[in-house]
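Asks: Handing you a structure now.
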Amino acid sequence: MKGVVDYKHPKKMKKRRQLDALVDTIKLPRSRKNSASAQELLDCHSDSSEVDELTLSQSSSKKKRCCICQSIVARIGLFMVTMACLTTCIGIIWVQWHLRHELDSLRKQVTSAQNSESVSPDVLKIQSQLAEVNKSVTNMKTGPYGLQETTNTITSIKNKLKELTEANTRLQSSVAASKEVLELPSKMNALSTMLATLGSDFKDFMNMQTSKYIELEKRVTAVEIEAKEVSKDKTSLLDNKASQKLSQELINYNISLHTGLQSVNQELERQSVRMSTLEEFTKPQPLSSSFSLNNTKPQPL
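The opening residue of the sequence shown carries number 159 in the numbering used here; numbering runs sequentially from there.
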């Protein structure tokens, strides 16, 4: 056991350890303790010191731990760099695939456009049929025998029917007037009879008034003769009575004459009114010049 404890490493091994410590301190400049211990090892020249051996063993364990941490960090960094590269490659691949897909779609569109330019005869036939149908529909709407012309024709027919109705009304009124005109001869005969009767009545009235006047003159003459024969005492009384009687008879005569003349005048006015109405009925009633039979012909639909 004593021999084992007193074992000392050779001098070359110490130098080797010192060199390893120096290399480690160069690689890891942040570890100040390791560098200090390495400097101490370099400054130490005693080859037989046991304390130096112990310090060397402690520094080597610390170096191993630092190497392990460095390797872990390096591996993590390498992993992250690898993942970044892998992600970049995947992105580039996806972009290429997307561009290829877009190019394929553009190529298909160009191909479909070229195919549409070279249309098949069936499609051309369908297009021509559609054009003919559109043309026929347009003709039906605005053509010479289309819906618009038909509407205008119906409107004109309605207007002409309205004019015909008005003309028919006027004709009916004129027919009613013509009936009255046909009845005019009988009315004229009745009127002439009435006028003859009125003339005879007026003549009789004048004869009667003339006879009354003559009789009155005779009575006045008789009164005057009687007045001359009466005595002078009674003359004034008789004259007063005779004059009063004579004046009363004259007043009655004037009243009767005035009444008779008024009745004759009224009858003449009635007859003149009837004559004027008959003249209005006998006047012809012309139809409106705007109406004509040529305008009543309907236009062809």
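Glycine included, each C-beta is placed from N, C-alpha and C at the ideal position.
State yes or no: is the C-beta of residue 306 within less than 8 angstroms of the C-beta of residue 316?
Replies: Translated into positions along the sequence shown, residue 306 becomes position 148. Translated into positions along the sequence shown, residue 316 becomes position 158. No, they are not a contact pair.
Asks: Going by beta-carbon coordinates alone, are residue 356 and residue 425 separated by less than 8 angstroms?
Replies: For the purposes of this step, residue 356 is taken as the residue at position 198 of the sequence shown. For the purposes of this step, residue 425 is taken as the residue at position 267 of the sequence shown. Yes, the pair counts as a contact, with Cβ atoms nearer than the cut-off.
Asks: In chain order, what residues of the same chain lie with their CB nearer than 7 angstroms to the CB of residue 239, ignoring the 5 residues before and after it?
Replies: The sequence position of residue 239 within the sequence shown is 81, counting from 1. Excluding residues within five positions, none has a Cβ falling inside 7 angstroms.
Asks: What do you reckon, are the CB atoms on residue 374 and residue 407 nearer than 8 angstroms?
Replies: Taking the first residue of the sequence shown as position 1, residue 374 is located at position 216. Taking the first residue of the sequence shown as position 1, residue 407 is located at position 249. It is a contact, given that the beta carbons lie within the stated cut-off.
Asks: In angstroms, rounded to a whole number, what distance separates the CA positions of residue 312 and residue 295?
Replies: By one-based count along the sequence shown, residue 312 stands at place 154. By one-based count along the sequence shown, residue 295 stands at place 137. Answer to the nearest angstrom: the Cα atoms are 21 angstroms apart.
Asks: Between 225, 175, 233 and 414, which lies nearest to residue 370 when the distance is taken from Cα to Cα?
Replies: Here residue 370 refers to the residue found at position 212 when the sequence shown is read from its first residue. Closest by alpha carbon: 414.
Asks: For residue 267, which residues of its own chain have a beta-carbon under 8 angstroms away from its beta-carbon, when the five flanking residues on both sides are left out?
Replies: Walking along the sequence shown from the start, residue 267 turns up at place 109. Once the five neighbours on either side are set aside, residue 267 has no close Cβ partner at all.
Asks: Under 8 angstroms Cβ to Cβ from residue 291, same chain only, skipping five residues before and after it: list those, please.
Replies: One-based indexing of the sequence shown puts residue 291 at position 133. Nothing meets the Cβ criterion.
Asks: So, is the C-beta of residue 347 closer than 8 angstroms to a C-beta in chain B?
Replies: The question asks about chain B, but that chain is absent: this structure has only one protein chain.
Asks: Out of 409, 417, 368 and 349, state which residue places its alpha-carbon closest to the alpha-carbon of residue 431.
Replies: Taking the first residue of the sequence shown as position 1, residue 431 is located at position 273. Closest option to residue 431, Cα to Cα, is 349.
Asks: Whose C-alpha, out of 364, 245 and 297, is nearest the C-alpha of residue 417?
Replies: Taking the first residue of the sequence shown as position 1, residue 417 is located at position 259. Comparing Cα-Cα distances from residue 417 to each of 364, 245 and 297, the minimum goes to 364.
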